[in-house]
Amino acid sequence: MLEIKNLHVRAGGREILKGIDLTIPDGHTCVLFGPNGSGKSTLLAAIMGYGSTEITEGRIVFKGQDITRMSVDERAKLGIGMMMQRPPNVTGVKLGDLVKATAGGGDCEGVLDKVDTFGMDRFMDRDVNVGFSGGELKRSELLQLTAQQPDFVLLDEPESGVDIESMALVGQKVRELLYDNSVCGVKSNVNRDVSSLVITHTGQILDYIGADTAYIMKDGTIRCSGRPADILKDIREKGYRECIECRSRIVKL
Amino acid sequence: MQKQDSEAVKKALGKAGAYGEDIDIDRFEAGTRNPEAIDDIADADSSLRETMSHVGVTSEEERSGTIVFIDNGMSHCSNREQEGVEILSTRQAFEKYDWVKDYMWNAMSPEKDKYTAKTYLEESDGYFIRVKKGYKARHPVQTCMLIKRNKTLQNLHNIIIMEEGSSLEIITGCSTTHSSGDSLHVGVSEIYLQDDSNLQFSMIHSWGKETSVRPRTAATIGKGASYTNNYILLNPVGSLQSYPVSSLNGEGASCTFNTMCLAEKGSNVDTGGIAVLNASGTNAQIMSRSITKGGRMIARGRLVGNAPGAKAHLECRSLVLEDGGMTLAIPELETSVADVEMTHEAAVGKIARDQIEYLMSRGLTEDEAIGMIVRGFLAGSIEGLPQSLRKEIDEAIEKANLGS
């Protein structure tokens, strides 16, 4: 579904990604670990096509199409959707209007009847993200993504800022977004094969989704990969540095 | 009627406005005082109806009353709430009631500038709306001022009297037709809110690319009364300058100015609001949202705190959609009293890129994203905007093609 080859990306005036190679097949859930500042969010922003990132080398292929130079909305229309870690405030734009525009008058308008299941029914007349708490931001993002129904979902730390109680709802909605054989939360016979790339620090989200592969990123490159549970265990026990060193030795052997 | 010193007013004919470029009044011909009569708005010819609908003047259902002026004369007047609302022409009111003269040129000085002086000396007609003591109108009154003939000077003198404890919403639309763009509109409006009354006054303008516009509005607000002034200009205009004044004279009086304006290339817009807080515990809010797309836009706001316990806030926000033109925000705060709380904020700039891309990541095109943000930016300035106006605003935004 997604193929990234030798991707070099500049952001904030310096090179952040230094040659990323990554392939995510149809229906795969991939997890991205890595210390702060390693370039994880930059990678997601580059896949989405945000102007804060500049691709200097390499390419991104999605569903067989080279999207390296595509605009953000073209990528979204091709089926890429993103949950930002800190989405911007959009003063004056009502969440309800954005969800409706996102659903685009299609089948997903049905999601508007289910906003209460996201705990967002009181927020539809509020300005997008303005004054939202951590958990509200995530639920708002998930509501928008559910209206959008992307085939490839980028999730940047879905658990950050979410209290323990709300985590169950966020986890459930992420699970539905990735695996529910339904359209916009409304059951249907359409077979969906959603792939995703999920950034997580704590691994909490892994209690709700079944990840296929985990990667560790450091200093703008992907250093190693493996089974998500193993990698998380290694990071917890040994820290990133030792985990990476140990795993790269294994690969060499 | 002529209680002022006519000589002094005649002298004021040579007095340019305090703001905005000077307009040569003599270039225009006085508009007719005997325009065609329209019995029913629905029966007006289609081009007039279309012009009126662009400024929110629509069918008479859901309206307490409707009064229409074409050029300098009354063309239509209807009233469905006669038990509490009186709608007349200013001239009719002057002839009917002895006391009306006390409300003429009381809130506004005819010597303010050449435009008020001209209106005074011409003894211009206009609309007169009075809401009787304690009466709460069920529906809005709509008023409309159209310029039909080209090269016309439209001079109107309007009076609104809100008696004690009364309440009303007025929607007033002013416009030119397709062929009368090179004209001058001068509308003097004197608004009186007696104690504990409530008036929401929304003015929508839609002019031609060459039209000159000089509204002159003054409101005096009594104890516990509350006044909202909404001003909307989303179409091209030649030169528009307006700086309405509210004097909060009674304890606990409040007023809100909400302005949403667009200055396209060739438009010269200078607008805002002044609130003078003359009594204790008065409250004022001036909110301005403007957009420049190659035109000149001056957003003014002035708060004058003259009494203890006065509280007021002023906010000027401008979006600049393209290079060229000029945007100037001028917020002013003035007081000589220690116990006042007056604040302001002003911001000028483009739409943040991350907001546009955020909406684009949901599948909206760049134009759709910008349109949505701009619409939200403008509409966000007016809380409780009459639902009837939203459609007109959406259409005007659509027409202005702000997304590109």
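In order, the protein sequences belong to chains A and B. For the record, in the first sequence the residue sitting at position 204 is 204 according to this note's numbering, with numbers rising by one throughout. For the record, in the second sequence the residue sitting at position 235 is 1235 according to this note's numbering, with numbers rising by one throughout. For each residue, glycine too, the CB sits at the ideal point set by N, CA and C.
- Note that the segment 37-54 of chain A touches the segment 65-77 of chain A; at least 3 beta-carbon pairs, one per stretch, sit closer than 8 Å.
- Of all residues in the segment 1357-1373 of chain B, only Glu1357, Tyr1358, Leu1359, Met1360, Ser1361, Arg1362, Gly1363, Leu1364, Thr1365, Glu1366, Glu1368, Ala1369, Met1372, Ile1373 come within less than 9 Å of chain A when Cβ atoms are compared, listed by chain position.
- The beta carbon of Val1348(B) sits closer than 7 Å to those of Ser1318, Val1320, Thr1327, Ala1329, all from its chain and outside the five residues before and after it, given in chain order.
- The Cβ-Cβ distance between Ala1279(B) and Cys1316(B) does not fall below 7 Å.
- Annotation: Glu1169(B) to Met1203(B) spans about 11 Å, alpha carbon to alpha carbon.
- Counted as a single uninterrupted DSSP element, the beta strand (DSSP E) harbouring Arg1130(B) occupies residues 1127-1131.
- The beta-carbon of Gly1376(B) is placed less than 7 Å from the nearest beta-carbon of chain A.
- Taking 7 Å as the CB threshold, Arg1353(B) lines the interface with chain A.
- Cβ neighbours of Gly92(A) within its own chain (closer than 8 Å, five residues either side excluded): Asp127.
- Sequence-distant partners of Thr1335(B) (beyond 5 residues in either direction) whose C-beta falls short of 6 Å from its own C-beta, in its chain, are Gly1305.
- Excluding the 5 residues flanking it on each side, Thr221(A) has same chain C-beta neighbours closer than 7 Å at Lys18, Gly19, Ile20, in chain order.
- Non-local beta-carbon contacts of Glu1332(B) in its own chain, meaning distances under 6 Å to residues more than five positions away in sequence, involve Arg1302 in chain order.
- Within chain A, Gly92 have C-beta atoms less than 8 Å from the C-beta of Ala1379(B), given in sequence order.
- Bounds of the beta strand (DSSP E) holding Val1320(B) are 1310-1320.
- Of the residues Thr42(A), Asp113(A), Gly104(A), the one whose Cα lies closest to the Cα of Gly12(A) is Thr42(A).
- Think of a sphere of 7 Å around the beta carbon of Lys77(A): the chain B residues whose beta carbon falls inside it are Gly1363, in chain order.
- In the DSSP assignment, the residues bridged to Asn1229(B) are Phe1201(B), Phe1257(B).
- Annotation for Ser1089(B): the continuous beta strand (DSSP E) segment containing it runs 1085-1089.
- Counting along the chain, the unbroken beta strand (DSSP E) around Ser225(A) starts and ends at 221-226.
- Below the 8 Å Cβ cutoff, chain B contributes no neighbours of Gly210(A), its closest Cβ being approximately 26 Å away.
- Only buried fits Ser1124(B), as 16 or more other CB atoms lie within 10 angstroms of its CB.
- In the assembly as shown, Thr1119(B) is a buried residue. Its beta-carbon has 16 or more other beta-carbons within 10 Å.
- Put simply, the CB of Met82(A) is near chain B, with a gap under 7 Å to one of its CB atoms.
- Under the Cβ distance rule, Pro88(A) counts among the residues neighbouring chain B, one pair being separated by less than 7 Å.
- Per DSSP, Tyr215(A) is one residue of the beta strand (DSSP E) stretching across 213-218.
- Close partners of Tyr50(A) in chain B (Cβ separation under 7 Å): Glu1357.
- 7 Å or more divides the Cβ of Gln1285(B) from the Cβ of Gly1020(B).
- Contact check for Ser1078(B) and Glu1036(B): beta-carbon distance about 16 Å, past the 8 Å limit, so the pair fails to qualify.
- A Cβ-Cβ separation of about 5 Å places Leu95(A) in contact with Met124(A) under the 8 Å criterion.
- Taking 7 Å as the Cβ-Cβ cut-off, the segment 144-159 of chain A approaches chain B at Gln144, Gln148, given in chain order.
- According to the DSSP assignment, Lys1118(B) belongs to the alpha helix (DSSP H) that extends over 1114-1121.
- Interface residue (Cβ-Cβ distance to chain B less than 7 Å): Ala101(A) is classified as such.
- With a beta-carbon spacing of about 13 Å, Leu44(A) and Leu145(A) fall beyond the 8 Å limit used to define contacts.
- Taking a C-beta distance under 7 Å as the contact criterion, Pro1244(B) and Lys1209(B) do not qualify as a contact pair.
- DSSP lists Gly1301(B) as the bridge partner or partners of Pro1331(B).
- Assigned with DSSP and collapsed to three states, Ala1263(B) falls in strand.
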